[in-house]
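Numbering (full-length UniProt numbering), first residue to last: 1 to 311. Where a beta carbon is used, it is the ideal one built from N, C-alpha and C, also for glycine.
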Amino acid sequence: MADHGIHTLDTGFQRPDFDAAYLLVEQGRGAFIDCGTALAVPAMLAALPAAGLAPGDVDWLVLTHVHLDHAGGAGALIQHLPNAKLLVHPRGAPHMIDPARLLAGATEVYGAEEIARSYGEVLPVPEARVVIAEDGGSISLAGRPLLTLDTPGHARHHLCVWDARSRSWFTGDTFGLSYRELDSAQGPFIVPTSSPVQFEPEAMRASIERLLSYDPEAMYLTHYGRVAPPEALGRALIEQIDAMAALARSCDERPDRHRCLVAALTELYLERAHAHGIPLDDEAVTRVLAMDIELNAQGLASWLDRARRAA
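Printed below as a string of structure tokens:
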């Protein structure tokens, strides 16, 4: 049975239990929060009858941000949802209406072959169906308020969604990554995500503090699922954000900067994994985090380069 009408949906991106979207159900009406890639559309639609809904019962598709693993399927999915509006950060809205630049940026990071294989076709969303999310604004799902806050740090087009009914945040990537394979007797293991190209450590710290100020009971992460307790996890994230910024600076002048960043991040996460009592060996932990270590290294490099240009 869904907790507070919240259904966790596996989008199937990359591997099981890696990329989640959420379906909220209230009094026979539905809202998706994120939707995965275009390849996830069948899974999103299949979740509706399982939750007692038809496509016409969905009022909202809310995007935490427009990175393709969260939002790439929005244009394709909304074609099947005749009554749904798309709620998106003001910086993300133009990319949903015309995804050409978004695709170009993602292709630069991942390559054209990977985009085609993992993301499918990214379709535009009709402008008339796009609603701009305000910082501190809210929408209604059959009388159930959903509050949106501007939460930069991972991306400047990022918002998080507060559901007062469950006292929970839907955090996209602002509140880090926590994979169920890395749970231990101490609970969830969590790491920040600094993936390219808009990582800003101070903004991310401030966003996490802002989320914690609501005294939430749980966080619903895209990668992956519901985690708690938020306060302890948030403090762990802030410690790591500071550590990641420091190790990035230590690698900055190295001719092998990227290799240095990858090695330093791997060491940081393994050290924390040992302290957390994760019941996997180092090779297995590194394998679970390999993609994120690579992307975090790239994101830290982007942050260093922007800081240098600004100086």
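{"query": "Return the CA-CA distance between residue 185 and residue 275, expressed in angstroms with no decimal places.", "result": "11 Å"}
{"query": "Would residue 17 and residue 36 be called neighbours here (beta carbons separated by less than 7 Å)?", "result": "no"}
{"query": "Would you mind listing the alpha helix (DSSP H) stretches within the stretch 186-213 that are 4+ residues and don't spill past its ends, in chain order?", "result": "201-212"}
{"query": "Hey, residue 33 and residue 175 are a contact pair by Cβ (cut 8 Å); roughly how many whole angstroms apart?", "result": "Between residue 175 and residue 33 the Cβ distance is about 14 Å, and since that is not below 8 Å, they are no contact."}
{"query": "For residue 173 and residue 13, what's the separation of their Cα atoms in angstroms?", "result": "15 Å"}
{"query": "What residue from 49, 21 and 229 has the CA that sits closest to residue 29's CA?", "result": "49"}
{"query": "By a C-beta neighbour count over all protein chains shown, 10 Å radius and 16 as the cutoff for buried, is residue 271 buried or exposed?", "result": "exposed"}
{"query": "What does the alpha-carbon distance come out to for the pair residue 80 and residue 40?", "result": "13 Å"}
{"query": "For residue 1, I'd like the list of residues in its chain whose CB is within less than 8 Å of its CB, leaving aside the five on either flank, ordered along the chain.", "result": "With a pLDDT of only 48 at residue 1, under 50, the local geometry of the prediction cannot be trusted, and no value is derived from it."}
{"query": "Select from 166, 224 and 15 the residue whose C-alpha is nearest the C-alpha of residue 189.", "result": "224"}
{"query": "Could you tell me whether the Cβ atoms of residue 23 and residue 45 are closer together than 7 Å?", "result": "no"}
{"query": "Assign residue 168 to buried or exposed, taking buried as 16 or more other Cβ atoms, counted over all protein chains shown, within 10 Å of its Cβ.", "result": "buried"}
{"query": "If you follow the beta strand (DSSP E) that residue 274 is part of, which residue opens it and which one closes it?", "result": "Careful: residue 274 lies outside any beta strand (DSSP E), inside the alpha helix (DSSP H) at 257-276."}
{"query": "I believe residue 93 touches residue 38 by the beta-carbon criterion, under 8 Å. Please report the beta-carbon distance rounded to the nearest angstrom.", "result": "The Cβ separation is near 19 Å, so there is no contact."}
{"query": "Pick out the complete alpha helix (DSSP H) segments inside the stretch 89-115, 4 residues or longer, and give them in chain order.", "result": "93-97 and 100-110"}
{"query": "Using only CA atoms, which one of 88, 55 and 51 lies nearest to residue 333?", "result": "Residue 333 is absent from the model: the chain starts at 1 and stops at 311."}
{"query": "Output the distance between the C-alpha atoms of residue 63 and residue 91, rounded to the nearest integer angstrom.", "result": "12 Å"}
{"query": "Taking 8 Å as the cut-off, does the stretch 201-220 touch the stretch 282-290 (at least 3 CB pairs, one atom from each stretch)?", "result": "no"}
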